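Worksheet: one structure, shown below.
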Amino acid sequence: MTFQYAPAPESTAIVNINSSNDLFINGEFTPGHGTPFKTINPATEEVLAEIAQANEEDVNAAVMAARKAYDKTWSKMSGRDRGKYLFRIARLIQERSRELAVLETLDNGKPIRESRDVDVPIAAAHFFYHAGWADKLEFAGYGTYPRPLGVVAQVIPWNFPLLMLAWKIAPALATGNTVVLKPAETTSLTALLFAEICQQADLPPGVVNIITGAGETGRMLVEHPDVNKVAFTGSTAVGQAIQRQIAGTNKRLTLELGGKAANIVFDDAPIDQAVEGIVNGIFFNQGHVCCAGSRLLLQESIAEQTIESLKRRLQTLRLGDPLDKNTDIGAINSREQLNRIIDLTKSGEDEGAQRWSPDCVIPERGFWFAPTVFTNVTQAHRIAREEIFGPVLSVLTFRTPDEAIEKANNTPYGLSAGIWTEKGSRILAMANKVRAGVVWANTFNRFDPASPFGGYKESGFGREGGVQGLGAYLTSEESS
Amino acid sequence: MIGNDRVEVRKTHKLFVGGAFPRSESGRTYEATNSQGEFLANVAKASRKDARDAVLAARTGFNSWSKATAYNRGQVLYRIAEVMEGRKDQFISDIQDAEAVSAKKATTQTDQAVDRVVWYAGWADKYAQVLGNTNPVSGPFFNFSIPEPTGVVAAVAPQDSSLLGLISVIAPIITSGNSVIVIASMNSPIPAITLSECLATSDVIAGNINILTGDPAEIMPSLASHGDVNALDLTGITDSELQKTLQIEAAGTVKRVRSAPVNPDWQATPSLSRLRAFTEVKTVWHPMGM
Numbered sequence: 022m023t024f025q026y027a028p029a030p031e032s033t034a035i036v037n038i039n040s041s042n043d044l045f046i047n048g049e050f051t052p053g054h055g056t057p058f059k060t061i062n063p064a065t066e067e068v069l070a071e072i073a074q075a076n077e078e079d080v081n082a083a084v085m086a087a088r089k090a091y092d093k094t095w096s097k098m099s100g101r102d103r104g105k106y107l108f109r110i111a112r113l114i115q116e117r118s119r120e121l122a123v124l125e126t127l128d129n130g131k132p133i134r135e136s137r138d139v140d141v142p143i144a145a146a147h148f149f150y151h152a153g154w155a156d157k158l159e160f161a162g163y164g165t166y167p168r169p170l171g172v173v174a175q176v177i178p179w180n181f182p183l184l185m186l187a188w189k190i191a192p193a194l195a196t197g198n199t200v201v202l203k204p205a206e207t208t209s210l211t212a213l214l215f216a217e218i219c220q221q222a223d224l225p226p227g228v229v230n231i232i233t234g235a236g237e238t239g240r241m242l243v244e245h246p247d248v249n250k251v252a253f254t255g256s257t258a259v260g261q262a263i264q265r266q267i268a269g270t271n272k273r274l275t276l277e278l279g280g281k282a283a284n285i286v287f288d289d290a291p292i293d294q295a296v297e298g299i300v301n302g303i304f305f306n307q308g309h310v311c312c313a314g315s316r317l318l319l320q321e322s323i324a325e326q327t328i329e330s331l332k333r334r335l336q337t338l339r340l341g342d343p344l345d346k347n348t349d350i351g352a353i354n355s356r357e358q359l360n361r362i363i364d365l366t367k368s369g370e371d372e373g374a375q376r377w378s379p380d381c382v383i384p385e386r387g388f389w390f391a392p393t394v395f396t397n398v399t400q401a402h403r404i405a406r407e408e409i410f411g412p413v414l415s416v417l418t419f420r421t422p423d424e425a426i427e428k429a430n431n432t433p434y435g436l437s438a439g440i441w442t443e444k445g446s447r448i449l450a451m452a453n454k455v456r457a458g459v460v461w462a463n464t465f466n467r468f469d470p471a472s473p474f475g476g477y478k479e480s481g482f483g484r485e486g487g488v489q490g491l492g493a494y495l496t497s498e499e500s501s
Numbered sequence: 003m004i005g006n007d008r009v010e011v012r013k014t015h016k017l018f019v020g021g022a023f024p025r026s027e028s029g030r031t032y033e034a035t036n037s038q039g040e041f042l043a044n045v046a047k048a049s050r051k052d053a054r055d056a057v058l059a060a061r062t063g064f065n066s067w068s069k070a071t072a073y074n075r076g077q078v079l080y081r082i083a084e085v086m087e088g089r090k091d092q093f094i095s096d097i098q099d100a101e102a103v104s105a106k107k108a109t110t111q112t113d114q115a116v117d118r119v120v121w122y123a124g125w126a127d128k129y130a131q132v133l134g135n136t137n138p139v140s141g142p143f144f145n146f147s148i149p150e151p152t153g154v155v156a157a158v159a160p161q162d163s164s165l166l167g168l169i170s171v172i173a174p175i176i177t178s179g180n181s182v183i184v185i186a187s188m189n190s191p192i193p194a195i196t197l198s199e200c201l202a203t204s205d206v207i208a209g210n211i212n213i214l215t216g217d218p219a220e221i222m223p224s225l226a227s228h229g230d231v232n233a234l235d236l237t238g239i240t241d242s243e244l245q246k247t248l249q250i251e252a253a254g255t256v257k258r259v260r261s262a263p264v265n266p267d268w269q270a271t272p273s274l275s276r277l278r279a280f281t282e283v284k285t286v287w288h289p290m291g292m
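Chains V and L are the protein sequences, given in the same order. Start counting the first sequence at 22; every next residue gets the next number (the numbering used here). Start counting the second sequence at 3; every next residue gets the next number (the numbering used here).
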């Protein structure tokens, strides 16, 4: 049976969106010199605001501001005081958390429950965690005199706009670097609100610069000769392009790219908990998660039963208005991404996999995709090999643990993996053999600033979070 | 021939791949000379095909070596040092020939090379304790991070430090469980060949360390673009254009790249940066509950 819920919409009164938005350079909101573009609410297709597009002149100005702030202020400031600015920012994010959450949901399409309970609190936690490192870097294991790199160029994706900003800016600032960050074209608004927070924190001008724009703006930023380090989160194809662009320079690079994680369920797993983990693994944030558990590997003996439970559970998911507090599945972030999901799911059917979705009403306007499960998937299918980045699960089966490992590792990616079993020794053996940077055992999609995140193989290199994440922004003990 | 003069038996200098000593499949050799340009030996000139064969051997070696216990890896490394110690005289004479240095300097370099292997042998069962940790996440989870080997690493040994530099490149790569394909100093390859004979008679797993002699400019591009190579160590690349080409090729499979260091000091005690460069941090979460 389906429970009926009365609508429980979160009010948008707390958010005041400017109809046109400038760049944030050297502590000031500054008009951009490129052609402005519009950002829309993907749940309604209504225009939310106009956003400035940074051209070459603007990129130069932002990098110059970051260089000046690095030379004159930030690299000379004590770690203790840098840390205090980060603590201030963490507190301001907490204070303005509802505003940030509503704005994120409006611009991104994710359910308010997720932006309110996951994105914004973890973003604040990242600043809080890294604030404490700022005056303790000599204890972090990077030699006795760890130094910042200089000006850092950061390019982030649209799936967790504010959270990815926090993952990038907090460690960069704690280690003494200054930042020019470009948010994704479709999700600039929370980054610009963050710029306001930097002003409220009295962060010295130029320490954080936010330039909005499309891929071309990102390319100019990455290629700027006065940039010392590039940090990118996004697709593997763009990550490879960046790795090529900076070849022959002294720029340091960290990449957090795509994934095609295996979520492996053994026959002794608690099935109900595993089903919750499977749902969280692939339908959290509409599946717009690089570490999503998009390949479900079920042990043959429990496959049928688990798929039945999973289908029953999916019928209770509520798709619709992201601002409704009872919504589980929000809007797909853009028409472009929706088309990609449609294309890949069509290939799944064409290649012979069996498609299933629960009955759900799709709103008339906006970009939506019903939760989808494919069974009878083989390893050769595109839906088992390519990152879909949507609410689409491909189910495969295995008989032995060795076969599970073989299939889990049969991908160029290596970002994350899930293991479900009650047997401790099997968890440890599987965790040891799977080639992935984050392994969730009897849980999935957990994130914490103290916990390093990042991939093996073509999922990128470098870590974000934890003591290992600091290494991305420090000159490590240089020697031969 | 008069008197006791004996015609010496000269050695054919070959590659070291998969625990064996093949000639180059191309049949090519090049002349290794001393610093005065005098002929020392004909040395195998590895081809791109030899490099691909070495990748295959290195992957096989990785599959065994990465599963060895840390204690065992430490012992195998220490065994390399033991065997090298017994061949010190040959290394000293090789280095003197290759680098035109005094016996004293060649002895110092050899001693340091052996000691470096011992240093890394000790790291095998410690580096994970230093580079790994538990993470105090805000929730009922046990969470830990451990470094693991990256996989198959293609390396270029320094051109000017034929043994100490070479061993300083190889040792940190294999200590954590990686396999390596290393291209020896092109002008001074003979100490590397002597080293390969030490490796063959120690307990190194076949394919774990593969030593090629030849031209990095010819061999490295095919390793940089090879889909089964995980990382590049460009220490011995002196041509910045070649380094750029290799960095571009590496992007095809998102390889980890350690670029050539500026004026490396091989005599100094190393940092952990080489060990760190060829490891991946894996983080594991598990709920805590009754």
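From the three backbone atoms N, C-alpha and C, an ideal C-beta is built for every residue, glycine too. None of these values were measured; they are calculated from a predicted model.
Any Cβ of chain L closer than 8 Å to the Cβ of Gly314/V would place that residue at the interface, and such an atom is absent. Where Leu319/V is concerned, the enclosing beta strand (DSSP E) starts and stops at 316 to 320. For Tyr163/V, the number of other beta carbons within 10 angstroms of its own is at least 16, and it is reported as buried.
Residue pairing from DSSP places Phe146/L in a beta bridge opposite Thr136/L, Val286/L. Per DSSP, reduced to three states, the secondary structure at Thr94/V is helical. Between the region 261 to 269 of chain V and the region 460 to 475 of chain V there are fewer than three C-beta pairs closer than 8 Å, too few to call the two in contact.
Against chain L, the beta carbon of Pro473/V has neighbours under 7 Å at Ser147, Val283, Thr285, listed in chain order. With respect to chain V, the C-beta atom of Thr255/L has a partner C-beta closer than 8 Å. A direct Cα-to-Cα measurement between Thr271/L and Ser181/L gives close to 23 Å. The beta carbon of Tyr166/V sits closer than 8 Å to those of Glu159, all from its chain and outside the five residues before and after it, given in chain order.
Chain-ordered, the chain V residues with CB closer than 7 Å to the CB of Asn135/L read Val488.
Between Leu210/V and Leu69/V, the beta carbon gap of about 7 Å places them in contact (Cβ cut-off 8 Å). Neighbours of Gln261/V in chain L, taken as residues whose beta carbon is under 9 Å from its own, are Ala253, Gly254, Thr255, Val256 in chain order.
Using a CB distance below 7 Å, the part of the region 154 to 175 of chain L facing chain V consists of Ser170, ordered along the chain. Put simply, the region 125 to 135 of chain V touches the region 175 to 182 of chain V. At least three CB pairs are less than 8 Å apart.
Neighbours of Trp154/V in chain L, taken as residues whose beta carbon is under 8 Å from its own, are absent, since the nearest beta carbon is some 13 Å off. Contact between Ser178/L and Leu277/L holds: CB atoms are separated by about 6 Å, below the 8 Å threshold. In this structure, Val300/V lies near Arg334/V, with their beta-carbon atoms less than 8 Å apart. For Leu248/L, the CB contacts under 8 Å within the same chain, skipping 5 residues up- and downstream, are Met222, Pro223, Ala226, Leu234, Leu236, Ile239, Val259 in chain order. Excluding its 5 nearest sequence neighbours in each direction, Lys189/V has C-beta neighbours in its own chain below 7 Å: Gln175, Ile177, Leu202, Ala252, listed in chain order. Residue pairing of Glu71/V in beta bridges, as defined by DSSP: Ser41/V, Lys59/V. Under the DSSP assignment, Asn230/V falls in the beta strand (DSSP E) whose first and last residues are 229 to 231.
When rounded, the separation of the alpha-carbon atoms in His245/V and Val488/V is 29 Å. Around the beta carbon of Glu485/V, 16 or more other beta carbons lie within 10 angstroms, which makes this residue buried. Against chain L, the beta carbon of Asn463/V has neighbours under 7 Å at His288, Pro289, listed in chain order. Not a single C-beta of chain L is nearer than 8 Å to the C-beta of Ser209/V. In this structure, the alpha-carbon of Ile231/V lies about 31 Å from that of Phe390/V. By the beta-carbon neighbour count (other beta carbons within 10 angstroms, threshold 16), Arg12/L is exposed. A Cβ-Cβ contact shorter than 8 Å links Leu331/V with Val296/V. For the pair of segments examined, the region 105 to 113 of chain V was found not to touch the region 315 to 329 of chain V: the number of CB pairs separated by less than 8 Å stays below three. Burial check for Tyr73/L: the Cβ neighbour count within 10 Å stays below 16, so the residue is exposed. Glu424/V sits in a helix when the DSSP states are folded into three classes. Counting only runs of 3 or more residues that sit fully inside the region 206 to 276 of chain L, the beta strand (DSSP E) segments are 211 to 214, 233 to 235, 258 to 260, in chain order. Gln307/V sits close to Gly351/V, with the two beta carbons spaced by under 8 Å. Counting of Cβ neighbours within 10 angstroms places Gly124/L among the exposed residues, the total staying below 16. Every unbroken stretch of the alpha helix (DSSP H) spanning 4 or more residues and falling wholly within the region 310 to 391 of chain V is given here in chain order: 321 to 335, 356 to 371.
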